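Encoded as structure tokens, the structure appears first; notes follow it.
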Amino acid sequence: MGMIKPNLLAVVMILGIGSTVALSGCSQSTNANAVTLARQQQTTQMVFDNQASRNNGAWGAVYMTKEALRSPKANIVDFSSLPKMVEDASLQKWLAKFEGSADGKKGFITTNGKKLYNDSCAGCHMQDGKGAKGAGYYPPLADNSKMQSKYYIISVVMNGLRGMPSFQSMMNDEQIAAVTQYVHSDLNKFTDTVTAANVAQLRHDFPPGSDPSE
Amino acid sequence: MGGPWRLPVHHYAVFHYCKKFGVALQPFIQTNDRAYLHRTTHFNGAPQRLGEVQSDIRGYVSELLSKAVNTGSLDKTVNKEDKEKLLEGLKGWGVLDNNYRYVKSHETSKHRGYSVYPGGGLMPDAKPSTPIPMDKLLNSGMWSDIYSNYTTYDHQPAMFQPVGGMGKIGDAFTRECRDMITFNAKVTKIYQDESGVTVDYVDSNNPDGQNKTVRADWCICNIPLSVLTQIDINVSAPMKQAMAAVPYDTSYKVGLEFKRRFWEEDEWIYGGITYTDMPISQISYPSHGMFTTGSGVLLGAYGFGEASYRFNTLNPKERIDVALQYGKHIHPQYTKEFRSGTSVAWHRIPWSLGCYGIWSESSRDQYYDTLCAIDHRIVLAGEHCSHIPAWQEGAILSGMDAAQRLHQKAKKLG
């Protein structure tokens, strides 16, 4: 009796096969089990089935038998084969690239200058800072004498320049310092040390452009 | 791919030209109650249907508000008569029971959907579905998807798309204006003088070839500012400042083709959009070709912000892989059914170097009027010269307005 699912018990009642007798018989002979059933029912109600939303109403009565529909053996989508995100081998590379995404986060988290460069600047100025040319151009940042002034780099990252958007709301002082250091010293051979305090000096309240399409 | 996607009902200028040029339109489904909302760290990663989330939020908010009314918390705000009407409304709108509670029942299932739907003959009885517990719902943050993505005026139904794709609008303009267009002309210089404007250009397929020139009385220039600021152009100093004051936003899209329409066949999702906090941001299901057998194409990723900068740095094949590897956590069928894909990152489009011009309140105050003003014989047009950034409507209205003002100025000069 303990094995029978609560919803089956309900069906027995509806079909009315000596329901009163059967039920009273049940509770008399297996009183302890009945309590367990009630507890089970309570527990079932308290544990929310995360997959129910996907399964709700999409079981397709046209395809399934009454029995299968009453107590479906599988979910409509086979997610059982799917590893958890953090254990998903084919996702590891991208969890590193899109850091924080396993926790549902979207922003820049790292304070590694090279990674910050490769995750933002490289989209236009290209890997290794070689720049690009089309109808317009993206200036190369490598071997570029303008990169001698760390304050110039900080200012451009902070405020944007012409078509280039501002990163001041996307990166904190430490991150802007790190990416500036990478451009200043790794893509060029300049030797100033860039600190978060240097960046803080240039921060101001100018509101960055808002995105109307989001 | 690197272009617009859907048309809100109030974009009358686009529809005007679609009608005039015979571009057939069909409904675009933005809101589909069976599409999903998804949060990586909630519901053990399982997506929840939009319609259920929406019903449950309405239910719980109604329950709480009626509780406040019934305990007299709002007595100073609502008089006795209004109180009764408010309670009646909340009970109906939130689908509350006689005790003003939002619970699992046939009544609530009529709104959020059943677990087992009513059938025919000797099929099983309908079985109500279970509302998402309120704390889980609130913690997930899915509520925000409803007011960020569905109820804004530019996403309200009805929305439309051209039959055969958004490219049909460009095709129609090309057909109607064929004689006026020089293709593959990469502008290198725009020079105005007392009597007219001279534009130098080269063949973009042969940039080292001969310089060509065209001259006219006036110039309406719709080159994106991201490129225009790099071209030699003699406009006034304030205009140059205004042109340089508009940064260009970032965005990416990934298209995925699958061998079968599993979202329709397995999950009964016909059109609409699933929103997620994963880097892919959203999955859009096609609003056309529904119920057909065979392959179908999803918009497998489309977003902005930090995720977009990362997409920009990837090559097309990598972008497709990102869309597949994350997307399969919403649709596990991805892995088995994938056929092919394509992608775009607007910052890598050579002639736009970004998605659209970003304006802030302060930059509007400072530069917008100057940017839109006629600078002697040159006037700019495009989405960047509109209050509808990123949309075709903004570009068309800006063009019409520029042409009208130019016409008036030309008439005055005689």
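Protein chains in written order, with this note's numbering: chain A, 1 to 214; chain B, 215 to 628.
No residue lacks a Cβ here, since even glycine has one placed at the ideal position from N, Cα and C.
Just so we're clear, the structure is a prediction, and the values are computed from it rather than from any experiment.
Any C-beta of chain B under 8 Å from that of residue i
{"i": "residue 47 of chain A", "result": "no"}
{"i": "residue 192 of chain A", "result": "no"}
{"i": "residue 41 of chain A", "result": "With a pLDDT of 46 at residue 41 of chain A, under the threshold of 50, the modelled position of that residue is not reliable, and no figure is offered here."}
{"i": "residue 142 of chain A", "result": "no"}
{"i": "residue 183 of chain A", "result": "no"}
{"i": "residue 50 of chain A", "result": "yes"}
{"i": "residue 176 of chain A", "result": "no"}
{"i": "residue 104 of chain A", "result": "yes"}
{"i": "residue 112 of chain A", "result": "no"}
{"i": "residue 196 of chain A", "result": "no"}
{"i": "residue 205 of chain A", "result": "no"}
{"i": "residue 136 of chain A", "result": "yes"}
{"i": "residue 123 of chain A", "result": "yes"}
Option in the options with minimal Cα separation from residue i
{"i": "residue 487 of chain B", "options": "B:250, B:218, B:226", "result": "B:250"}
{"i": "residue 181 of chain A", "options": "A:123, A:116, A:127", "result": "A:116"}
{"i": "residue 190 of chain A", "options": "A:168, A:205, A:155, A:148", "result": "A:148"}
{"i": "residue 75 of chain A", "options": "A:49, A:89, A:88", "result": "A:49"}
{"i": "residue 111 of chain A", "options": "A:170, A:69, A:67", "result": "A:170"}
{"i": "residue 187 of chain A", "options": "A:101, A:151, A:141", "result": "A:141"}
{"i": "residue 66 of chain A", "options": "B:245, B:338, B:241, B:497", "result": "B:338"}
{"i": "residue 470 of chain B", "options": "B:454, B:453, B:497, B:478", "result": "B:497"}
{"i": "residue 438 of chain B", "options": "B:382, B:232, B:391, B:595", "result": "B:595"}
{"i": "residue 234 of chain B", "options": "B:380, B:260, B:296, B:390", "result": "B:390"}
{"i": "residue 252 of chain B", "options": "B:540, B:586, B:610, B:433", "result": "B:540"}
{"i": "residue 509 of chain B", "options": "B:231, B:473, B:531, B:492", "result": "B:473"}
{"i": "residue 479 of chain B", "options": "B:507, B:430, B:563", "result": "B:507"}
{"i": "residue 124 of chain A", "options": "B:601, B:613, B:566", "result": "B:566"}
{"i": "residue 363 of chain B", "options": "B:346, B:440, B:289, B:264", "result": "B:264"}
{"i": "residue 245 of chain B", "options": "B:320, B:296, B:368", "result": "B:368"}
{"i": "residue 238 of chain B", "options": "B:443, B:384, B:340", "result": "B:384"}
Residue-level contact to chain A via CB, residue i, 8 Å cutoff
{"i": "residue 446 of chain B", "result": "no"}
{"i": "residue 547 of chain B", "result": "yes"}
{"i": "residue 542 of chain B", "result": "yes"}
{"i": "residue 336 of chain B", "result": "yes"}
{"i": "residue 497 of chain B", "result": "no"}
{"i": "residue 253 of chain B", "result": "yes"}
{"i": "residue 330 of chain B", "result": "yes"}
{"i": "residue 400 of chain B", "result": "yes"}
{"i": "residue 440 of chain B", "result": "yes"}
{"i": "residue 356 of chain B", "result": "no"}
{"i": "residue 282 of chain B", "result": "no"}
{"i": "residue 580 of chain B", "result": "no"}
{"i": "residue 455 of chain B", "result": "no"}
{"i": "residue 596 of chain B", "result": "no"}
{"i": "residue 492 of chain B", "result": "yes"}
{"i": "residue 463 of chain B", "result": "yes"}
{"i": "residue 276 of chain B", "result": "no"}
Local conformation of residue i per DSSP, three classes
{"i": "residue 252 of chain B", "result": "strand"}
{"i": "residue 210 of chain A", "result": "With a pLDDT of only 40 at residue 210 of chain A, under 50, the local geometry of the prediction cannot be trusted, and the value read off the model is given with reservation. Residue 210 of chain A falls in the coil class under three-state DSSP."}
{"i": "residue 314 of chain B", "result": "coil"}
{"i": "residue 117 of chain A", "result": "helix"}
{"i": "residue 589 of chain B", "result": "strand"}
{"i": "residue 167 of chain A", "result": "coil"}
{"i": "residue 476 of chain B", "result": "helix"}
{"i": "residue 263 of chain B", "result": "strand"}
{"i": "residue 630 of chain B", "result": "Since the first and last residues shown for chain B are 215 and 628, residue 630 of chain B lies out of range."}
{"i": "residue 47 of chain A", "result": "coil"}
{"i": "residue 122 of chain A", "result": "helix"}
{"i": "residue 129 of chain A", "result": "helix"}
{"i": "residue 490 of chain B", "result": "strand"}
{"i": "residue 201 of chain A", "result": "helix"}
{"i": "residue 404 of chain B", "result": "strand"}
{"i": "residue 231 of chain B", "result": "helix"}
Practice prompt. Report the residues of the stretch 505-527 of chain B with a CB closer than 9 Å to any CB of chain A, ordered along the chain.
Written response: Of all residues in the stretch 505-527 of chain B, 517, 518, 519, 520, 521, 522, 523, 524, 525, 526, 527 have a Cβ within less than 9 Å of some Cβ in chain A.
Worksheet item: Which residue spans inside the stretch 530-586 of chain B form an unbroken alpha helix (DSSP H) run of at least 4?
Response: Runs found: 530-541, 548-551, 583-586.
Practice prompt. May I ask you to list, following chain order, the residues of the stretch 559-577 of chain B that have a beta carbon less than 9 Å from some beta carbon of chain A?
Written response: Result list: 559, 561, 562, 563, 564, 565, 566, 567, 568, 569, 570, 571, 572, 573, 574, 575, 576, 577.
Worksheet item: Where are the alpha helix (DSSP H) runs, 4 residues long or more, that stay fully inside the stretch 326-395 of chain B, in chain order?
Response: Entirely contained in the stretch 326-395 of chain B, the alpha helix (DSSP H) runs reaching 4 residues are, in chain order, 348-354, 381-390.
Worksheet item: Name the residues in the stretch 373-393 of chain B whose C-beta lies less than 9 Å from a C-beta of chain A; which are they?
Response: Those would be none; no residue qualifies.
Worksheet item: What residue ranges within the stretch 425-466 of chain B form continuous alpha helix (DSSP H) runs of no fewer than 4 residues, ordered along the chain?
Response: You should have 439-442, 451-457.
Discussion item. Can you pull out the residues from the stretch 144-171 of chain A whose beta carbon lies closer than 7 Å to at least one beta carbon of chain B?
Written reply: Of all residues in the stretch 144-171 of chain A, only 160, 162, 163, 164, 165, 166, 170 place a beta-carbon less than 7 Å from a beta-carbon of chain B.
Discussion item. Under 8 Å, CB to CB, which of the residues in the stretch 257-269 of chain B have a partner in chain A?
Written reply: Of all residues in the stretch 257-269 of chain B, the ones placed with a Cβ closer than 8 Å to any Cβ belonging to chain A are 257, 258, 259, 260, 261, 262, 263, 266, in chain order.
Fill in: Cβ-based contacts, 8 Å cut-off: residues of the stretch 66-89 of chain A near chain B
Close to chain B, meaning a Cβ-Cβ distance shorter than 8 Å, are the following residues of the stretch 66-89 of chain A: 66, 69, 70, 76, 77, 78, 79, 81, 82, 84, 85, 88.
Worksheet item: Which residues, in chain order, does the stretch 476-487 of chain B contribute to contact with chain A at a C-beta distance below 8 Å?
Response: Result list: 480, 481, 482.
Worksheet entry | Where the stretch 284-298 of chain B meets chain A: residues whose CB sits under 9 Å from a CB there | Considering only beta carbons, no part of the stretch 284-298 of chain B lies closer than 9 Å to chain A.
Worksheet item: Taking the runs of the alpha helix (DSSP H) that are 4 residues or longer, which of them lie wholly in the stretch 138-195 of chain A?
Response: Counting only runs of 4 or more, we get 150-159, 173-181.
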